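Novice: Plus 37 on top of the position in the sequence shown (first one is 1) and you've got full-length UniProt numbering.
Just so it is clear, CB atoms sit at the ideal spot from N, CA and C, and this is done for glycine as well.
Values in this document were obtained by computation on a predicted structure and should not be read as measured data.
This structure is in structure tokens; I'll ask about it shortly.
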Amino acid sequence: LISIRFEYVKEFEQPDILLPNTWIVVRIDGRGFHKLSDHYEFIKPNDRRALDLMNAAAVEVMKELPDLCIAYGVSDEFSFVFHPTCQLFERRNAKLVTTIVSTFTAHYIYLWSTYFPARPLQPPYLPSFDGRAVIYPSTRILRDYMSWRQVDCHINNLYNTTFWTMVLQGGMSNTDAEQELKGTVSADKNEILFKRFGINYNNEEEIYKKGSVLYRQYELEEPKPSTGDEENAPEGKQSRSQQDKLKKLRRKAQIVVDHIDIIRDDFWERRPWILSNKP
Ligand code: DGT
Ligand code: MG
Ligand code: MG
Ligand code: MG
Ligand code: MG
Numbered sequence: 038l039i040s041i042r043f044e045y046v047k048e049f050e051q052p053d054i055l056l057p058n059t060w061i062v063v064r065i066d067g068r069g070f071h072k073l074s075d076h077y078e079f080i081k082p083n084d085r086r087a088l089d090l091m092n093a094a095a096v097e098v099m100k101e102l103p104d105l106c107i108a109y110g111v112s113d114e115f116s117f118v119f120h121p122t123c124q125l126f127e128r129r130n131a132k133l134v135t136t137i138v139s140t141f142t143a144h145y146i147y148l149w150s151t152y153f154p155a156r157p158l159q160p161p162y163l164p165s166f167d168g169r170a171v172i173y174p175s176t177r178i179l180r181d182y183m184s185w186r187q188v189d190c191h192i193n194n195l196y197n198t199t200f201w202t203m204v205l206q207g208g209m210s211n212t213d214a215e216q217e218l219k220g221t222v223s224a225d226k227n228e229i230l231f232k233r234f235g236i237n238y239n240n241e242e243e244i245y246k247k248g249s250v251l252y253r254q255y256e257l258e259e260p261k262p263s264t265g266d267e268e269n270a271p272e273g274k275q276s277r278s279q280q281d282k283l284k285k286l287r288r289k290a291q292i293v294v295d296h297i298d299i300i301r302d303d304f305w306e307r308r309p310w311i312l313s314n315k316p
């Protein structure tokens, strides 16, 4: 066959399998959303429609990829988490990242008009996202990653809320507000908000302060009695039938969008199935 002559080009493809038995986080981020949010006149500092649209697209990604355990979103970014036992696409980096990025982008664009009915999408201001995969070798580090993103959300939101209140309500110029906020700590910003504008930061909406966490809400039922099959499965691995059962349960489970602390243990202890990957 003539194709034999050309087949050697296959050898140029590099393997990109992610280390086994590690958490995989695929983080996507909107490209140039500074410009995009200006063009479509997103409300500053937080546009509820824009965040709801991000969350709606992420819910669809979770539905399409039952292997995902949890996702966390803030601003124009979303982190999607695969369990260490995940074998999707043989854990190939590019396959995982490109599938998440394109699935998310497709839904984001499809749902756009629901959230911005008066602002049809127009080139060159079309939403696109970049993506990367990072692996984490322990649950502790995975949780620290999630905490890092939520702390970032809080820090940025406190800054943005204070900055835009000073500008929009206080009539300050952008440069003056920026100058005054330089070197301030959280307590200073809270004080500016409260003393000057009567705003108690604690009363701001949770979605802005905490970001959005998406997870599967399993029905609270006892796990089905196991068949001998699974007991023979090697430790740390799941048998085919076990995997199939999990997949079915995952497909059926409702996906919850919550705005809640994920730094402290409470969230995880009350939902042990999220990290254990068992119903
Ligand atoms: P990149 O990610 O390097 O391509 O560049 P950007 O412009 O996407 O920068 P990034 O991701 O660091 O920052 C996100 C931008 O999106 C930031 O400029 C503010 C904007 N943005 C996100 N959510 C909202 C929102 O709810 N309201 C408004 N007004 N802007 C938002
Ligand atoms: Mg970026
Ligand atoms: Mg961005
Ligand atoms: Mg961003
Ligand atoms: Mg194909």
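#1: If you reduce the DSSP assignment to three classes, tell me which class residue 308 lands in.
#2: Anyone know if the C-beta pair for residue 283 and residue 107 falls short of 9 Å?
#3: Nearest to residue 127 by alpha carbon, out of 209, 92, 56, 254?
#4: Could you check which residue in 110, 129, 218 has the C-alpha nearest to that of residue 243?
#5: Taking only heavy atoms of ligand 4 into account, decide whether any of them is closer than 8 Å to the Cβ of residue 84.
#6: Under the assumption that residue 334 contacts residue 67 (Cβ atoms under 8 Å), give the Cβ distance between them as a whole number of angstroms.
#7: So, at 7 Å on beta carbons, what are the nonlocal neighbours of residue 281 in its own chain, with the 5 sequence-adjacent residues on each side left out?
#8: Spell out a yes or no on whether the stretch 93 to 104 and the stretch 167 to 179 are touching, meaning 3 or more CB-CB pairs, one atom from each, closer than 8 Å.
#9: Please state whether the Cβ-Cβ distance between residue 83 and residue 194 is less than 9 Å.
#10: Of the choices 235, 202, 314, 220, whose alpha-carbon is the least far from that of residue 80?
#11: List the whole-angstrom C-beta distance separating residue 115 from residue 95, where the pair is believed to meet the contact cut-off of C-beta under 8 Å.
#12: Is the separation between the beta-carbon of residue 198 and that of residue 218 shorter than 9 Å?
#13: Kindly examine ligand 4 and report whether one of its heavy atoms sits closer than 8 Å to the Cβ of residue 116.
#14: Quick one: what does DSSP say residue 51 is sitting in, helix, strand or coil?
#15: Using DSSP bridges, identify the partner residues of residue 162.
#16: For residue 242, which of helix, strand or coil comes out of DSSP?
#17: Answer yes or no: the CB of residue 70 versus the heavy atoms of ligand 3, is any distance below 8 Å?
#18: Can you tell me whether DSSP reads residue 89 as helix, strand or coil?
#19: For the alpha helix (DSSP H) containing residue 286, name the first residue and the last one.
#20: Under 8 Å by Cβ, that's how I've got residue 249 and residue 294 pegged, so tell me the actual separation to the nearest angstrom.
Specialist: Quick look at the numbers:
#1: Correct three-state label for residue 308: coil.
#2: Their beta carbons are not under 9 Å apart, which means residue 283 does not touch residue 107 by this criterion.
#3: It is 56.
#4: Among 110, 129, 218, the Cα nearest to that of residue 243 is on 110.
#5: The beta carbon of residue 84 sits no closer than 8 Å to any heavy atom of ligand 4.
#6: Outside the displayed range of the chain (38 to 316) lies residue 334, so it cannot be described from this structure.
#7: Here the set comprises nothing.
#8: No, they do not touch.
#9: Between residue 83 and residue 194, the C-beta gap is smaller than 9 Å, which places the two residues in contact.
#10: Of all alpha-carbon atoms in 235, 202, 314, 220, the one lying nearest the alpha-carbon of residue 80 is that of 202.
#11: At roughly 5 Å, the Cβ-Cβ gap stays under 8 Å, so residue 115 and residue 95 are in contact.
#12: Cβ distance not < 9 Å, so residue 198 and residue 218 don't count as in contact.
#13: No, the Cβ of residue 116 stays beyond 8 Å of every heavy atom of ligand 4.
#14: Of the three classes helix, strand and coil, the one that applies to residue 51 here is coil, per DSSP.
#15: Answer by DSSP bridge pairing, in chain order: 159.
#16: Of the three classes helix, strand and coil, the one that applies to residue 242 here is coil, per DSSP.
#17: Result yes, Cβ under 8 Å from ligand 3.
#18: Here residue 89 sits in helix by DSSP.
#19: Going by DSSP, residue 286 is part of the alpha helix (DSSP H) stretching over 277 to 289.
#20: Indeed, because the Cβ distance is near 6 Å, the residues count as touching under 8 Å.
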